[in-house]
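Heads up, the sequence shown is in our numbering, so the first residue is 33 and it goes up one at a time.
Just so you know, even glycine gets a beta-carbon here, dropped at the ideal spot from N, CA and C.
A quick note: this is a predicted structure, and the numbers were derived from the prediction, not measured.
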Amino acid sequence: MDINSLTQFSFYFGTAAMLCSAVFFFFERGEVAPKWRTSVTVAGLVTFIAFFHYYFMRDAWGGALASGDLTQLRYIDWLITVPLQIVEFYLILKVVGKVTSGLFWQLLIASIVMLVGGLLGEMGTINEVVGFVIGIIGWLYVVYLIFAGGAAKASSESGNQAVQSAFNSMKLIVLVGWAIYPIGYIIGNMIDVTNGTQTMNIIYNFADLINKTAFGLVIWAAAKQDSK
């Protein structure tokens, strides 16, 4: 399988995986305790929105749209789904009543800074290195909040094993899973000069599976555990 076929396959696989994940989460929301249903519903929304965009990105890669439109579609998806994932952090901590709205806004603003910096850099609106650095700063602040800041403190004080388990897994996904995107960008734009676009999109698609489907499964598992 050549690099173009592998890239196309990754888009088709991502499309199917996001749809299956969304259907699963929507069906399962009725099988968990009421306090967890909003969290599981949001997990379904994240993956359904991703499915919607992957459906069009799949065609874009096949030649229906210009490559610039593919980047824009991906960022439209991230600008919707990443804030929803930040909402998930707030919701699982809200289950045990241990989180403030101020913490939510810090997480949300940091995630938007991360995304907008990356978008402006990739579109050439600002210097790509400057955009990359802005995006990294936003991501690092999110990492700080969930590992050492207010979110980490709220989780440790919750006393709820399911919440703590989900929170610990989610913060690892943010640390490792979200780091895949800048790694993919560096490889695609600075290292792999021959097949950079293909390599970057394969890495991005793999990262989306971790950061959307696995993220949702962690929440679903915690909800099931806490609903017994």
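>> Taking only three categories from DSSP, how would you classify Leu97?
In response: Numbered from its first residue, the sequence shown carries residue 97 at position 65. Note that Leu97 scores 44 on pLDDT, short of 50, meaning its location in the model is unreliable; the coordinates nonetheless yield the value given after this. Three-state result, Leu97: coil.
>> For Lys24, report the span of its alpha helix (DSSP H) as first-last.
In response: The structure shown does not extend to residue 24, since the chain is modelled only from 33 to 260, so the question has no answer here.
> Taking C-beta to C-beta, are Gly181 and Ser143 nearer than 9 Å?
Replying inline: Position 149 of the sequence shown, counted from the first residue, corresponds to residue 181. Position 111 of the sequence shown, counted from the first residue, corresponds to residue 143. Cβ distance not < 9 Å, so Gly181 and Ser143 don't count as in contact.
> Roughly how many whole angstroms lie between the Cα atoms of Ala82 and Thr226?
Replying inline: Stepping through the sequence shown from its first residue, residue 82 is reached at position 50. Stepping through the sequence shown from its first residue, residue 226 is reached at position 194. The straight-line gap from Cα to Cα measures roughly 28 Å.
> Should Ile215 go down as buried or exposed, given a rule of 16 or more other Cβ atoms within 10 Å for buried?
Replying inline: The residue labelled residue 215 in the question sits at position 183 within the sequence shown. Around the beta-carbon of Ile215, fewer than 16 other beta-carbon atoms lie within 10 Å, marking it exposed.
>> Mapping the DSSP letters down to three states, classify Asp91 as helix, strand or coil.
In response: Counted from its first residue, the sequence shown places residue 91 at position 59. Three-state DSSP puts Asp91 in a helix.
> Assuming Gly248 and Phe57 make a contact with CB atoms under 8 Å, what is their CB distance in whole Å?
Replying inline: As a first step, residue 248 must be located in the sequence shown, where it is residue number 216. As a first step, residue 57 must be located in the sequence shown, where it is residue number 25. Their Cβ separation, rounded to whole angstroms, is 6 Å, which keeps Gly248 and Phe57 in contact under 8 Å.
> Considering Ala194, what are the terminal residues of the alpha helix (DSSP H) in which it resides?
Replying inline: Taking the first residue of the sequence shown as 1, we reach residue 194 at position 162. Counting along the chain, the alpha helix (DSSP H) containing Ala194 begins and ends at 193 to 204.
>> What residue range does the alpha helix (DSSP H) around Ala54 cover?
In response: The residue you call residue 54 lines up with position 22 of the sequence shown. Element bounds for Ala54: 35 to 60.
> Which word fits Glu120, buried or exposed, when buried means at least 16 other C-beta atoms lie within 10 angstroms of its C-beta?
Replying inline: Within the sequence shown, numbered from 1, the residue matching residue 120 stands at position 88. Per the 10 Å Cβ criterion, buried.
> If you follow the alpha helix (DSSP H) that Met155 is part of, which residue opens it and which one closes it?
Replying inline: As a working note, residue 155 is residue 123 in the sequence shown. Here the alpha helix (DSSP H) through Met155 covers 133 to 155.
> Nearest CA to the CA of Ala184: which residue from Leu147, Leu139, Ile168, Val161?
Replying inline: Locating residue 184 in the sequence shown gives position 152, counting from the first residue. Here the closest residue by C-alpha is Leu139.
>> If you measure between the beta carbons of Met146 and Val114, is that distance less than 9 Å?
In response: In the sequence shown, residue 146 corresponds to position 114, counting from 1. In the sequence shown, residue 114 corresponds to position 82, counting from 1. A contact, by the Cβ cut-off of 9 Å.
>> I want to know whether the stretch 232 to 240 touches the stretch 196 to 212 - three or more CB-CB distances under 8 Å.
In response: The stretch 232 to 240, when compared against the stretch 196 to 212, does touch it at the 8 Å Cβ threshold.
> To which residues of the same chain is Thr261 closer than 6 Å at the C-beta, ignoring the five residues directly before and after it?
Replying inline: Residue numbering for the chain in the displayed model covers 33 to 260; residue 261 lies beyond these limits and cannot be assessed.
> Does the Cβ of Leu172 have 16 or more other Cβ atoms within 10 Å, making it buried, or fewer, making it exposed?
Replying inline: By 1-based counting over the sequence shown, the position of residue 172 is 140. By the neighbour-count rule (16 or more Cβ atoms within 10 Å), Leu172 is not buried but exposed.
> Taking buried to mean at least 16 other C-beta atoms within 10 Å of its own C-beta, is Glu154 buried or exposed?
Replying inline: Looking up residue 154 in the sequence shown gives position 122. Glu154 is buried by the Cβ-count criterion.
>> Tell me the residue span of the alpha helix (DSSP H) that contains Glu160.
In response: In the sequence shown, the residue the question calls residue 160 occupies position 128. Per DSSP, Glu160 is one residue of the alpha helix (DSSP H) stretching across 160 to 179.
> Is DSSP giving Glu120 helix, strand or coil here?
Replying inline: Taking the sequence shown and counting its residues from 1, the one referred to as residue 120 is at position 88. In the structure shown, Glu120 sits in a helix (DSSP, three-state: H, G or I).
> From which residue to which residue does the alpha helix (DSSP H) around Asn233 run?
Replying inline: Along the sequence shown, one-based indexing puts residue 233 at 201. For Asn233, the uninterrupted alpha helix (DSSP H) segment begins and ends at 228 to 240.
>> Closest to Ile205 by C-alpha separation, out of Glu63, Gln257, Leu51, Phe179, would be which residue?
In response: In the sequence shown, the residue the question calls residue 205 occupies position 173. Among Glu63, Gln257, Leu51, Phe179, the Cα nearest to that of Ile205 is on Phe179.
>> Can you look up Ala253 in the DSSP assignment and give me helix, strand or coil?
In response: Looking up residue 253 in the sequence shown gives position 221. Ala253 falls in the helix class under three-state DSSP.
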